[in-house]
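Participant:
Number of protein chains: 2
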Amino acid sequence: MIDVPTLVEQARLGRPRAVARLISLVENASPQLREAMAALAPHTGRAYTVGLTGSPGVGKSTSTSALVSAYRKRGKRVGVLAVDPSSPFSGGALLGDRVRMQEHATDPEVYIRSMATRGHLGGLSWAAPQALRVLDAAGCEVILVETVGVGQSEVEVAAQADTTVVLLAPGMGDGIQAAKAGILEIGDVFVVNKADRDGADATVRELGHMLGLGESRSPGDWRPPIVKTVAARAEGVDELVEALEKHHAWMEEHGELAARRRRRAAEEVEAIAMAALRSRMGDLHGDRRLDSLAERVASGALDPYAAADELVQGVTGA
Amino acid sequence: MIDVPTLVEQARLGRPRAVARLISLVENASPQLREAMAALAPHTGRAYTVGLTGSPGVGKSTSTSALVSAYRKRGKRVGVLAVDPSSPFSGGALLGDRVRMQEHATDPEVYIRSMATRGHLGGLSWAAPQALRVLDAAGCEVILVETVGVGQSEVEVAAQADTTVVLLAPGMGDGIQAAKAGILEIGDVFVVNKADRDGADATVRELGHMLGLGESRSPGDWRPPIVKTVAARAEGVDELVEALEKHHAWMEEHGELAARRRRRAAEEVEAIAMAALRSRMGDLHGDRRLDSLAERVASGALDPYAAADELVQGVTGA
Chain A
1 MIDVPTLVEQ
11 ARLGRPRAVA
21 RLISLVENAS
31 PQLREAMAAL
41 APHTGRAYTV
51 GLTGSPGVGK
61 STSTSALVSA
71 YRKRGKRVGV
81 LAVDPSSPFS
91 GGALLGDRVR
101 MQEHATDPEV
111 YIRSMATRGH
121 LGGLSWAAPQ
131 ALRVLDAAGC
141 EVILVETVGV
151 GQSEVEVAAQ
161 ADTTVVLLAP
171 GMGDGIQAAK
181 AGILEIGDVF
191 VVNKADRDGA
201 DATVRELGHM
211 LGLGESRSPG
221 DWRPPIVKTV
231 AARAEGVDEL
241 VEALEKHHAW
251 MEEHGELAAR
261 RRRRAAEEVE
271 AIAMAALRSR
281 MGDLHGDRRL
291 DSLAERVASG
301 ALDPYAAADE
311 LVQGVTGA
Chain B
1 MIDVPTLVEQ
11 ARLGRPRAVA
21 RLISLVENAS
31 PQLREAMAAL
41 APHTGRAYTV
51 GLTGSPGVGK
61 STSTSALVSA
71 YRKRGKRVGV
81 LAVDPSSPFS
91 GGALLGDRVR
101 MQEHATDPEV
111 YIRSMATRGH
121 LGGLSWAAPQ
131 ALRVLDAAGC
141 EVILVETVGV
151 GQSEVEVAAQ
161 ADTTVVLLAP
171 GMGDGIQAAK
181 AGILEIGDVF
191 VVNKADRDGA
201 DATVRELGHM
211 LGLGESRSPG
221 DWRPPIVKTV
231 AARAEGVDEL
241 VEALEKHHAW
251 MEEHGELAAR
261 RRRRAAEEVE
271 AIAMAALRSR
281 MGDLHGDRRL
291 DSLAERVASG
301 ALDPYAAADE
311 LVQGVTGA
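So the sequence lines, in the order shown, correspond to chains A and B.
For the first sequence, the residue numbers in this note's numbering are 1 to 318.
For the second sequence, the residue numbers in this note's numbering are 1 to 318.
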């Protein structure tokens, strides 16, 4: 058994090993997670979180690393959470294999953790917010959430942050892909990375068109800016930080930051409650009971609603 | 109010309007769905369902139409369910706009229905099986489930069928895309359509390699066949029907058909039960209660597990 109070105390003092072990509790959906979250809760709610999403090849990892440098220059303690929803294997400790991140690996004010969430009990709706809570309690002022791997869940992970950055690169037909994937709607700030390449300005124009930036909006509405960067050479990264700070300030001014955090917390609480009810359904009936109901439904002897009633009755006693 | 018993009676007699109206009940998640499913249940469990999936452009719709013709030649009553998980708008009645299907539109032994499921309360896990139950009770011996639009949910829809057909076309780099999307694992039968194009044999080879068809398997294991078709000219379609019949027979022989149907029914029942519990959570607490819990979690005053406990207690009384 892990001594959770001591672990939380050490994480709050900024001990990297303690932070890493707490995130492992999240990753493994440990039974001690509950105790850890209760101990961490009073020390959370301070970090500003930024999600980065975009197709493979746009330079997410390079951009994340450049942002870490930029925030470190501003004296901020930074956390990086790299979530891989497609992998059941944990990166474990530091992302030592990721060249771009190595320059930060020895900086005591930077926490870099990867987390594998495939097969995670509660899915992404739990894993990311709980890991963020650990980094938040550890005193990170800015946390960058980057998704590794591909898939729809990228969008979900990015949506766990206060501000969502959508990255594109010139000449990848990315705009249309992004539109299809529903990514345009979730972007608060857009980045056209590799802006030294041919077609960068065309990508910016195309994107601006798709975002309807030319259209009139209500005063006070947030207009997603498009920032051009060459993250590998740190070009445009200060402008990106500035755009993030503007969005942060706008959200605070309009009550949007609190609203987003409430919404995410509500989703998290509901997901945990539903999982608890699901497991209670399993406790009461065992899989054999569901199997026998399913068999009757498959054969037409019972309709699915009547079968569901039997399951629900077992949980609620009514 | 719709007179459900009369509607079900008429659907069983094969009246297209009654079939259409019952599927509309599913699509709209009507409160009368429960009554309809109870009335339909005793008349289900006979149809053999085939799901068709693949990237846009491989010829799903043309292949579906060619399969309808092939099954009609064999004297079977055929149902087609075209599911569009990305659209909130219903196609309504017949898919008259889809040229390939028009030749079947006047055949009284063919039921063609489109169904929009975006925003459907229970999601795909309910909508598809319930619509299939309607067509099953209407006496369709074979039901083809085709997904319209793109996205991960294609895989889910196809998995609602007894046999899943994965379609590819030459020269689309489809094999790799399919492997990425996790589509290879769900295919019982593979089709390389547009087989008169350059690169068809290469696609078949590449696919065979990825499927590991050369490797030895246990005797009795199903080896997914790869069928070459030119669906627009009905070439290879008889071979495809033969492959489907072989898979059907293999599943019956090995108890796999019953096992798949039980598994799908179990998922459906569980989804309905979970939705009932979720709505009960809402009934007891109202959104304001969840909002207030979320606010306390977001501010760090409460941890998410303790908040979830409060929700669960309201439902179960313990």
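Yeah, the Cβ is synthetic: ideal placement off N, Cα and C, and Gly gets one too.
On a predicted model such as this, the values are computed, not experimentally measured, just so you know.
According to DSSP, is Ala-82(B) helix, strand or coil?
Facilitator: Here residue 82(B) corresponds to residue number 82 of the second sequence, with the count starting at 1. It is a strand residue.
Participant: Measuring straight from C-alpha to C-alpha, what distance separates Glu-295(B) and Ile-183(B)?
Facilitator: Here the question's residue 295(B) lines up with position 295 in the second sequence. Here the question's residue 183(B) lines up with position 183 in the second sequence. Cα-Cα distance, rounded: 41 angstroms.
Participant: Taking the beta carbon of Leu-94(A) as the centre, do at least 16 other beta carbons fall within 10 Å, making it buried, or is it exposed?
Facilitator: Within the first sequence, numbered from 1, the residue matching residue 94(A) stands at position 94. Note that Leu-94(A) scores a pLDDT of 36, beneath 50, so its modelled location is shaky and nothing firm can be said.
Participant: Whole angstroms is fine: what's the gap from Leu-211(A)'s alpha carbon to Glu-256(A)'s?
Facilitator: For the purposes of this step, residue 211(A) is taken as residue 211 along the first sequence, with counting starting at 1. For the purposes of this step, residue 256(A) is taken as residue 256 along the first sequence, with counting starting at 1. Near 20 angstroms, if we compare the C-alpha coordinates of Glu-256(A) and Leu-211(A).
Participant: Can you look up Ser-90(A) in the DSSP assignment and give me helix, strand or coil?
Facilitator: Counted from its first residue, the first sequence places residue 90(A) at position 90. Residue placement at Ser-90(A) is flagged as unreliable, the pLDDT there being 42, under the threshold of 50; the coordinate-derived value follows with that caveat. Residue state, collapsed to three classes: coil.
Participant: Should Gly-312(A) be flagged as near chain B, meaning a C-beta pair shorter than 7 angstroms?
Facilitator: Locating residue 312(A) in the first sequence gives position 312, where the first residue counts as 1. Here residue 312(A) turns out to be Val, not Gly, going by the sequence shown. Answer yes: the Cβ-Cβ gap between Val-312(A) and chain B drops below 7 angstroms somewhere.
Participant: Go to Thr-229(B), then tell me how far its alpha helix (DSSP H) extends in each direction, as first and last residue.
Facilitator: By one-based count along the second sequence, residue 229(B) stands at place 229. Counting along the chain, Thr-229(B) falls outside any alpha helix (DSSP H), and DSSP gives it neither H nor E.
Participant: Would you say Gly-300(B) faces chain A, with C-beta separation under 7 angstroms as the test?
Facilitator: In the second sequence, the residue the question calls residue 300(B) occupies position 300. True, the Cβ-Cβ gap to chain A drops below 7 angstroms.
Participant: Does the Cβ of His-247(B) have 16 or more other Cβ atoms within 10 Å, making it buried, or fewer, making it exposed?
Facilitator: Taking the first residue of the second sequence as 1, we reach residue 247(B) at position 247. Its Cβ being crowded by 16 or more others within 10 Å, His-247(B) is buried.
Participant: Nearest-angstrom Cα distance between Met-281(B) and Pro-129(B)?
Facilitator: Here residue 281(B) refers to the residue found at position 281 of the second sequence. Here residue 129(B) refers to the residue found at position 129 of the second sequence. Rounded to whole angstroms, Met-281(B) to Pro-129(B) spans 26 angstroms at the Cα level.
Participant: Rounded to a whole number of angstroms, what is the C-alpha to C-alpha distance between Val-269(B) and Val-157(B)?
Facilitator: What you label residue 269(B) is simply residue 269 of the second sequence in a count that begins at 1. What you label residue 157(B) is simply residue 157 of the second sequence in a count that begins at 1. Across the structure, Val-269(B) and Val-157(B) are spaced so that their CA atoms are roughly 16 angstroms apart.
Participant: Our contact map puts Gly-139(A) next to Gly-14(A) with C-beta atoms below 8 angstroms; I'd like the distance itself, whole angstroms only.
Facilitator: Residue mapping note: residue 139(A) aligns to position 139 of the first sequence, counting from 1. Residue mapping note: residue 14(A) aligns to position 14 of the first sequence, counting from 1. So it is a contact: roughly 6 angstroms between Cβ atoms.
Participant: DSSP on Val-58(A), reduced to helix/strand/coil?
Facilitator: The residue you call residue 58(A) lines up with position 58 of the first sequence. Looking at Val-58(A) - three-state DSSP - the assignment turns out to be coil, as it is neither helix nor strand.
Participant: Within its chain, find whatever has a CB closer than 7 angstroms to the CB of Ile-226(A); leave out the 5 residues flanking it on each side and keep chain order.
Facilitator: If you number the first sequence from 1, residue 226(A) lands on position 226. Cβ within range, chain order: Phe-190, Val-192, Val-204, Leu-207 and Gly-208.
Participant: Would you mind giving the Cβ-Cβ distance between Met-115(B) and Val-83(B), rounded to the nearest angstrom? I have them listed as a contact below 8 angstroms.
Facilitator: Residue numbering aside, residue 115(B) sits at position 115 when the second sequence is read from its first letter. Residue numbering aside, residue 83(B) sits at position 83 when the second sequence is read from its first letter. The pair is a contact, with the Cβ atoms about 5 angstroms apart (cut-off 8 angstroms).
Participant: Leu-244(B): which of Ala-266(B), Gly-317(B), Ala-161(B) and Ala-307(B) sits nearest, CA to CA?
Facilitator: Along the second sequence, read from residue 1 onward, the residue named residue 244(B) stands at position 244. Comparing Cα-Cα distances from Leu-244(B) to each of Ala-266(B), Gly-317(B), Ala-161(B) and Ala-307(B), the minimum goes to Ala-161(B).
Participant: Is Tyr-48(B) close to chain A, meaning its C-beta is less than 7 angstroms from at least one C-beta of that chain?
Facilitator: Walking along the second sequence from the start, residue 48(B) turns up at place 48. Answer no: the Cβ-Cβ gap between Tyr-48(B) and chain A never drops below 7 angstroms.
Participant: With a CB to CB cut of under 8 angstroms and the five nearest residues on each side skipped, what residues in its chain are close to Val-315(A)?
Facilitator: On the first sequence, residue 315(A) is found 315 positions in, with the first residue counted as 1. Excluding residues within five positions, the ones whose Cβ falls inside 8 angstroms are Leu-277, Arg-280, Met-281 and Leu-284.
Participant: How would you call Ala-195(A), buried or exposed, if buried means at least 16 neighbouring beta carbons within 10 angstroms?
Facilitator: By 1-based counting over the first sequence, the position of residue 195(A) is 195. The residue is buried, with at least 16 neighbouring Cβ atoms inside 10 Å.
Participant: Look up Ser-65(A) in the DSSP assignment and say whether it is helix, strand or coil.
Facilitator: Indexing the first sequence from 1 puts residue 65(A) at position 65. Helix at Ser-65(A).
Participant: Over what stretch of residues does the alpha helix (DSSP H) that includes Ile-183(B) continue unbroken?
Facilitator: Counting from 1 along the second sequence, the entry for residue 183(B) is found at position 183. Element bounds for Ile-183(B): n/a, residue is neither H nor E.
Participant: Is Thr-316(A) close to chain B? Criterion is C-beta to C-beta, closer than 7 angstroms.
Facilitator: What you label residue 316(A) is simply residue 316 of the first sequence in a count that begins at 1. Cβ-Cβ to chain B under 7 angstroms: yes for Thr-316(A).
Participant: Tell me the DSSP bridge mates of Gly-26(A)?
Facilitator: As a working mapping, residue 26(A) is identified with position 26 in the first sequence. In the sequence on display, residue 26(A) carries Val and not Gly. Its beta-bridge partners do not exist; DSSP assigns none.
Participant: I want to verify the contact list: residues of chain A whose CB lies under 9 angstroms from the CB of Glu-268(B), in sequence order.
Facilitator: Position 268 of the second sequence holds residue 268(B). Correct list: Ala-294, Val-297, Pro-304, Ala-307 and Ala-308.
Participant: For Arg-12(B), I'd like the list of residues in its chain whose CB is within less than 8 angstroms of its CB, leaving aside the five on either flank, ordered along the chain.
Facilitator: As a working mapping, residue 12(B) is identified with position 12 in the second sequence. If we look at Arg-12(B) and ignore the five residues flanking it on each side, its Cβ neighbours are His-43, Ala-137, Ala-138 and Gly-139.
Participant: For Gly-57(B), count neighbouring Cβ atoms within 10 angstroms of its own Cβ and tell me buried if that reaches 16, exposed if not.
Facilitator: Here residue 57(B) refers to the residue found at position 57 of the second sequence. With fewer than 16 Cβ atoms within 10 Å of its Cβ, Gly-57(B) is classed as exposed.
Participant: Given a cut-off of 7 angstroms, decide if Glu-146(A) and Leu-52(A) are closer than it, judged by their beta-carbon atoms.
Facilitator: Start at 1 with the first residue of the first sequence, and residue 52(A) comes out as number 52. Start at 1 with the first residue of the first sequence, and residue 146(A) comes out as number 146. In this structure, Glu-146(A) lies closer than 7 angstroms to Leu-52(A) by Cβ.
Participant: Along the chain, where does the beta strand (DSSP E) containing Leu-168(B) start, and where does it finish?
Facilitator: In the second sequence, the residue the question calls residue 168(B) occupies position 168. Where Leu-168(B) is concerned, the enclosing beta strand (DSSP E) stretches over 163 to 168.
Participant: Pull the bridge partners of Glu-235(B) from the DSSP assignment, please.
Facilitator: Here residue 235(B) is taken as the residue at index 235 of the second sequence, counted from 1. Paired residue(s): Val-230(B).
Participant: My understanding is that Thr-229(A) touches Leu-144(A), with C-beta atoms under 8 angstroms, so please give their C-beta distance in whole angstroms.
Facilitator: The residue given as residue 229(A) occupies position 229 in the first sequence. The residue given as residue 144(A) occupies position 144 in the first sequence. That pair is no contact at about 14 angstroms.
Participant: Taking Cβ-Cβ distances below 8 angstroms as the criterion, which residues of the region 240 to 265 of chain A are in contact with chain B?
Facilitator: Ala-258, Arg-261, Arg-262, Arg-263, Arg-264 and Ala-265
Participant: May I have the straight-line CA-CA distance separating Val-78(A) from Gly-54(A), to the nearest angstrom?
Facilitator: Position 78 of the first sequence, counted from the start, is the residue given in the question as residue 78(A). Position 54 of the first sequence, counted from the start, is the residue given in the question as residue 54(A). The alpha-carbon atoms of Val-78(A) and Gly-54(A) are separated by roughly 21 angstroms.
Participant: Is Gly-51(B) helix, strand or coil when you go by DSSP?
Facilitator: Here the question's residue 51(B) lines up with position 51 in the second sequence. In this structure, Gly-51(B) counts as strand in the three-state DSSP scheme.
Participant: Can you tell me the Cβ-Cβ gap for Leu-81(A) and Arg-113(A), rounded? I've got them flagged as a contact below 8 angstroms.
Facilitator: The residue labelled residue 81(A) in the question sits at position 81 within the first sequence. The residue labelled residue 113(A) in the question sits at position 113 within the first sequence. The beta carbons of Leu-81(A) and Arg-113(A) sit about 6 angstroms from each other, so the pair counts as a contact at 8 angstroms.
Participant: Indicate the three-state DSSP secondary structure (helix, strand or coil) for Glu-253(B) in the structure shown.
Facilitator: Position 253 of the second sequence holds residue 253(B). Here Glu-253(B) sits in helix by DSSP.
Participant: Less than 8 angstroms between the CB atoms is what I'm expecting for Ala-70(A) and Val-237(A), so what's the real figure, rounded?
Facilitator: The residue given as residue 70(A) occupies position 70 in the first sequence. The residue given as residue 237(A) occupies position 237 in the first sequence. Confirmed, about 5 angstroms.
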